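Numbering (our numbering), first residue to last: 356 to 463. Glycine included, every Cβ here is placed at the ideal spot set by N, Cα and C. Source: prediction; values computed, not measured. Notes follow once the structure below has been shown.
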Amino acid sequence: MNENFFENVYEVVKLIPEGRVTSYGAIGEYLGSKRSARMVGWAMAASHTLPDVPAHRVVNAKGLLTGKTHFTTPTEMATLLKNEGVNVVDEKIVDFEKHFWNPMLELM
DNA sequence: ACACTGACCACTG
DNA sequence: CCAGTGGCCAGTG
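See the structure below:
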């Protein structure tokens, strides 16, 4: 296992508490590259094979469930979030700021 | 080696 | 508010 961007992404995502969410940009920023948010999402797509990675807790900067298309079913992501107490309306997280979990503040 | 793509983000007009 | 542009890194054809 090489220690690379992917590993770090997985580590952070695994640490996201239940009922909390974060964004690709936040993770990328925590890893040192704010502009590498694309890669984070891309890493997620590759990591969705790992059961310990709650990908449904990772959304884009606007709180939109952009990654839902990569789930087994498009509704899976919203269902999981709602199941954890995160209200989702029209593929968007309600009170995104309240549920937002900043890795830089929690893991520093 | 080159070009294109991607679960993105922020800025500018 | 919406549209367009640049930037970031890695993988694939």
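Measure how close the beta-carbons of residue i and residue j come, nearest whole angstrom, since I'm counting them as under 8 angstroms.
i       : j       : result
Ser-388 : Ala-416 : Their Cβ separation, rounded to whole angstroms, is 15 angstroms, which puts Ser-388 and Ala-416 out of contact at 8 angstroms.
Glu-439 : Glu-373 : 5 angstroms
Quick one: Cα of residue i to Cα of residue j, how far?
i       : j       : result
Met-356 : Ser-402 : In this prediction, Met-356 has a pLDDT of 48, which is less than 50 and means its spatial position is unreliable; what the coordinates show is noted afterwards. Each residue's Cα considered, the two are about 13 angstroms apart.
Leu-386 : Phe-360 : 8 angstroms
Gly-380 : Lys-437 : 23 angstroms
Glu-461 : Gly-383 : 15 angstroms
Arg-375 : Gly-418 : 12 angstroms
Leu-435 : His-454 : 14 angstroms
Skipping 5 residues on each side, what residues in its chain have a beta carbon closer than 6 angstroms to that of residue i?
i       : result
Lys-423 : Pro-429, Met-432
Phe-485 : This structure cannot speak to residue 485, because the chain is shown only from 356 to 463.
So, for residue i: in the same chain, excluding its five sequence neighbours on each side, which residues have a beta-carbon less than 8 angstroms away from its beta-carbon?
i       : result
Asp-450 : Asn-442
What do you get for residue i, buried or exposed, if any count of 16 or more other CB atoms within 10 angstroms of its CB means buried?
i       : result
Leu-420 : buried
Val-444 : exposed
task: Specify whether the segment 361-370 and the segment 397-406 touch according to this definition: at least 3 beta carbon pairs, one from each stretch, less than 8 angstroms apart.
output: yes
query: On the three-pair Cβ rule with 8 angstroms, is the segment 407-421 touching the segment 366-383?
result: yes
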